[in-house]
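All residue numbers for the sequence shown refer to the working numbering, where the first residue is -10 and numbers rise by one.
Take a look at the structure below.
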Amino acid sequence: MADRVVTRTFKASIRNQTQVRPDLDSLAFAASKLWNVGRWHIQRIWDAIGHIPNHNELTSYLKRHERYRDLHSQSSQRVLQELAEAFNGWYASDDPDDNPPGYRKRGDEHPRSTVTFKQKGFKLDAEHGYVRLSKGRNLKEHRSDFVLCSYETRPDVDLAEVGSVQQVRAVWNGDDWELHFVCNVEIEHSDAPGEKTAGIDLGISNVAAVSIGDETLLYPGNAVKEDVHYFRHVEYGTEGDNGPSKKAEWARQKKDRRRKHSLHALTRDIVEQCADHDIGEIAVGHPKDIRDDAEWGRHGNKKIHDWPFDTIIDMIEYKAAERGISVQRVDEAGLRTSKTCCACGTKASPNRVERGLYVCGECGLVANADLNAAENMRATVTPNPEEDRSNGCLAQPAVRLFDKHTGVVAGREQVADCKP
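Have a look at this one:
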């Protein structure tokens, strides 16, 4: 058995919510104020010299600022690091609809920002279920120097056993405060479960299409898209002159939580299916240049930019690592996997006769277009896949759906209220 250290985040509820909420609110409002101060400084520097300062420069500018001392120094550093990362992400984007990070303000009220406590900013008593979170110098006057939270994790999680806790995050979920413990966890896994390979093609209509040679799996994105569509109307329907309303803020948080949960369930099922089929290596298409393709149109490009391709790949990678399965990111640029026949290698745009259907005019292959692309991904690590592939499975995959009632992924026949 080989050991591997991975990063895991465990959520915990706060049992003494009433006692600690005022202090956590104060820290969260302080984090929002510091974000706004940093936002103003970045804009001033950008307007003056056309430069976006990194988080080290920003920390150097602001470490003597009054708002910086509202939080523990490491917590303040993390706020400015997130701000710098957000600005650099906006600057690197080519989407004209993207806007720079805004101020965290709603009229005269600051929202509750997540506060991160690094190792010098907290003290954990995992045996008794307490964690002590440090305050900044300005918030210690006439109060205690820390916030003492009594927490409760899931029954199957014991922080005394999972490994080293690297960070604690105080997160407002829209109704209450909760704690997120970021831990380094040592896990045991056997060597790669097999010598077979799998190919994965990522998309929007289908979150993932998976080819494992003699069998194929399709993961429709219906549940994720329905949530995005519904909560987008709630978000944009409640924007005002002073920024997002409380309802819009709630909608964004809930949409993010639901999407993250469904993607975790989908990627977990993908990796479990691969492990059950003795897969030792996965080739997953990395559509990193897809956002540069103008053929999607304005609305299509907006969907492409919003879709979390990198997040999905990250989830597949660390879940696969726990099973001893290696993952290769395949750059799709130049491969034309969606237009290349996986059977004979013919590249022709007309072969993709409509969105979900691929028909090769050269060899007559009829396949689901996404599965054809997934098989091409598999071919990047298995040069001669035709020896272990059934062409029939490319046209008739096993469909795996996210069940909103149970929160897990299962076969179509097992999911209640699924659409045909």
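Even glycine gets a Cβ: it sits at the ideal position worked out from N, Cα and C.
Could you round the C-beta distance between Thr105 and Arg58 to whole angstroms and report it? I think they count as a contact, below 8 Å. Beta-carbon to beta-carbon, Thr105 and Arg58 are separated by about 17 Å, too far to satisfy the 8 Å threshold.
Count the other CB atoms within 10 Å of the CB of Ala332; is the residue buried (16 or more) or exposed (fewer)? Residue environment for Ala332: buried (at least 16 other C-beta atoms within 10 angstroms of its C-beta).
Under a Cβ-count criterion, where at least 16 other Cβ atoms within 10 Å of its own Cβ denotes burial, should Gly188 be classed as buried or exposed? By the neighbour-count rule (16 or more Cβ atoms within 10 Å), Gly188 is buried.
In this structure, does DSSP put Ala358 in helix, strand or coil? For Ala358, the secondary structure class from DSSP, reduced to helix, strand or coil, is helix.
Quick check on Ile3: does DSSP put it in helix, strand or coil? For Ile3, the secondary structure class from DSSP, reduced to helix, strand or coil, is strand.
Please identify the residue among Asp12, Gly269 and Gly78 whose C-alpha is closest to the C-alpha of Gly183. When only C-alpha atoms are compared, the closest one is Gly269.
Answer with buried or exposed for Arg143, where buried requires no fewer than 16 other C-beta atoms within 10 angstroms of its C-beta. By the Cβ neighbour-count rule, Arg143 is exposed, with fewer than 16 other Cβ atoms within 10 Å of its own.
According to DSSP, simplified to helix, strand and coil, what is Gly27? When secondary structure is reduced to three states using DSSP, Gly27 falls in the helix class.
Proximity to Leu252 [Cα-Cα], best of Ala240, Gly274 and Lys214: Of the listed residues, the one whose Cα sits closest to Leu252 is Lys214.
Can you list, in chain order, the residues of its chain whose CB lies under 7 Å from that of His40, leaving out five sequence neighbours each side? For His40, where only same-chain residues beyond five positions count, the Cβ hits under 7 Å are Ile34.
Outcome for Gly350 when other beta-carbon atoms lying within 10 angstroms are tallied against a minimum of 16: Exposed is the label assigned to Gly350, since fewer than 16 other Cβ atoms lie within 10 Å of its Cβ.
Name the DSSP beta bridge partners of Gln317, please? Gln317 is bridged to Ala272.
Tell whether a beta-carbon distance below 7 Å holds between Asp359 and Asn211. A distance of 7 Å or more separates the beta carbons of Asp359 and Asn211.
Start and end residues, beta strand (DSSP E) containing Gly125: No beta strand (DSSP E) holds Gly125; DSSP gives it neither H nor E.
Looking only at its own chain, which residues have a Cβ that is under 8 Å from the Cβ of Ile305, when we skip the five neighbours before and after it? Setting aside the 5 residues that flank it on each side, Ile305 is surrounded in the same chain by Ile189, Thr256, Ile259, Val260, Ile271, Val273 and Val316, each with a C-beta closer than 8 Å to its C-beta; the list follows chain order.
Option in Val160, Glu311 and Gly125 with minimal Cα separation from Ser65: Out of Val160, Glu311 and Gly125, Gly125 has the C-alpha closest to the C-alpha of Ser65.
With a 10 Å radius around its C-beta and 16 neighbouring C-beta atoms as the bar for buried, classify Ile302 as buried or exposed. Classification of Ile302: buried, given that the 10 Å Cβ count is 16 or more.
Reference Lys112; option with closest CA among Glu150, Phe170, Glu74 and Gln70: The option with the nearest alpha carbon to Lys112 is Phe170.
For Leu137, which option in Val120, Glu150, Ala368 and Leu128 has the closest C-alpha, if you only look at C-alpha atoms? Leu137 has its Cα closest to that of Val120, out of Val120, Glu150, Ala368 and Leu128.
Outcome for Trp296 when other beta-carbon atoms lying within 10 angstroms are tallied against a minimum of 16: Classification for Trp296: buried.
Is DSSP giving Arg241 helix, strand or coil here? Arg241 falls in the helix class under three-state DSSP.
With 16 other Cβ atoms within 10 Å as the buried cut-off, status of His117: Label assigned to His117: exposed.
Outcome for His44 when other beta-carbon atoms lying within 10 angstroms are tallied against a minimum of 16: Only buried fits His44, as 16 or more other CB atoms lie within 10 angstroms of its CB.
Reduced DSSP category for Pro90 - H, G, I as helix; E, B as strand; rest coil: Residue state, collapsed to three classes: coil.
When the Cα atoms are used, what is the spatial distance from Val370 to Arg401? C-alpha of Val370 to C-alpha of Arg401: approximately 30 Å in a straight line.
Sort Lys328, Lys249 and Arg241 by Cα distance to Phe391 and report the nearest one. That would be Lys249, whose Cα lies nearest to the Cα of Phe391.
If we call anything under 7 Å between Cβ atoms a contact, is Leu207 one with Pro386? Between Leu207 and Pro386, the CB-CB gap stays under 7 Å.
What are the partner residues of Val(-6), as DSSP defines its beta bridges? In DSSP, Val(-6) forms a bridge with Glu175.
Express the C-alpha separation of Val348 and Ala337 in angstroms, rounding to a whole number. Across the structure, Ala337 and Val348 are spaced so that their CA atoms are roughly 10 Å apart.
DSSP puts Ser139 in a beta bridge; with which residues? According to DSSP, residue pairing for Ser139 in a beta bridge involves Tyr119.
Compute the Euclidean distance between the alpha carbons of Val146 and Phe(-1), then round it to the nearest angstrom. Distance between the alpha carbons of Val146 and Phe(-1): 8 Å.
Where does the unbroken beta strand (DSSP E) through Trp161 begin, and where does it stop? Per DSSP, the continuous beta strand (DSSP E) segment holding Trp161 begins and ends at Gly152 to Trp161.
Could you round the C-beta distance between Ser123 and Ser21 to whole angstroms and report it? I think they count as a contact, below 8 Å. Taking the Cβ atoms as the reference, Ser123 lies roughly 18 Å from Ser21, outside the contact range of under 8 Å.
Identity of the residues DSSP links to His44 by a beta bridge: According to DSSP, which records beta bridges pairwise, His44 is partnered with nothing at all.
For Glu351, name the three-state secondary structure that DSSP assigns. In the three-state reduction of the DSSP assignment, Glu351 falls in the coil class, being assigned neither a helical nor a strand state.
Distance, Cα to Cα, Glu167 vs Phe135? If I take the Cα positions, the gap works out to 17 Å.
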